[in-house]
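Residue numbers (the UniProt record's numbering): 1 to 96. Glycine included, C-beta positions come from ideal geometry on N, C-alpha and C.
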Amino acid sequence: MNAPELITAPDEEALAGNLLSYYEAIEHASLDMLNAARSGDWDRVVKLEGACAVLIGRLKHAATEHPMGPSELALKSRIMQRILVNDAEIRNLAEP
Numbered sequence: 001m002n003a004p005e006l007i008t009a010p011d012e013e014a015l016a017g018n019l020l021s022y023y024e025a026i027e028h029a030s031l032d033m034l035n036a037a038r039s040g041d042w043d044r045v046v047k048l049e050g051a052c053a054v055l056i057g058r059l060k061h062a063a064t065e066h067p068m069g070p071s072e073l074a075l076k077s078r079i080m081q082r083i084l085v086n087d088a089e090i091r092n093l094a095e096p
C-alpha cells in the first residue's frame, strides 16, 4: 500500500463513521468557495463546488447507515446555517 492510500482510506472511514465530519468538510469547502469568490477566482469556486457535490453524495449514502442523535442534530443545524450564510454571500458576489 502506498502512502496516499494510507492517508485517504482512514479519512474516508472516519467520515463514514461520523456524519458531522461530512458537514464540517462541506462547511470548510463552502468557506473556501466564499474566499475564492471574494477574490474573483471563479474557476476555483467551480472546482470547489464539484468537491462539495461529491461530499454531499457521500453524505447522503452514509446518512442512511448512521443516524444522528439529538446533540449531533443540533450541531448539524448550526453548521448548515453557516453553510447557508456562505452560500448566500457567494450568490451575492456572483450576481451583484
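What does the alpha-carbon distance come out to for the pair residue i and residue j?
i, j, result
"A25", "H66", "17 Å"
"I20", "L93", "The displayed chain sequence assigns Leu, not Ile, to residue 20. Taking the straight line from one Cα to the other gives about 28 Å."
"G69", "L48", "29 Å"
"D87", "L34", "8 Å"
"G84", "D41", "With the sequence shown as reference, residue 84 is identified as Leu, and Gly is not the correct amino acid for it. Approximately 20 Å between the Cα atoms of the pair."
So, are the CB atoms of residue i and residue j less than 8 Å apart?
i, j, result
"I90", "Y23", "no"
"V45", "A51", "no"
For residue i, collect the residues of the same chain with a Cβ closer than 7 Å to its Cβ; drop the 5 residues on either side in sequence, then sort them by chain order.
i, result
"L75", "L20"
"R82", "E27"
Spatial neighbours of residue i within its chain, please: CB distance less than 6 Å, with the 5 preceding and 5 following residues excluded, ordered by chain position.
i, result
"L59", "Y22"
Touch test, the stretch 24-38 against the stretch 53-64, Cβ-Cβ under 8 Å, three pairs minimum: yes
Contained beta strand (DSSP E) runs [length at least 3] in the stretch 28-63, N- to C-terminal order: Segments of the beta strand (DSSP E) lying fully in the stretch 28-63: there are none.
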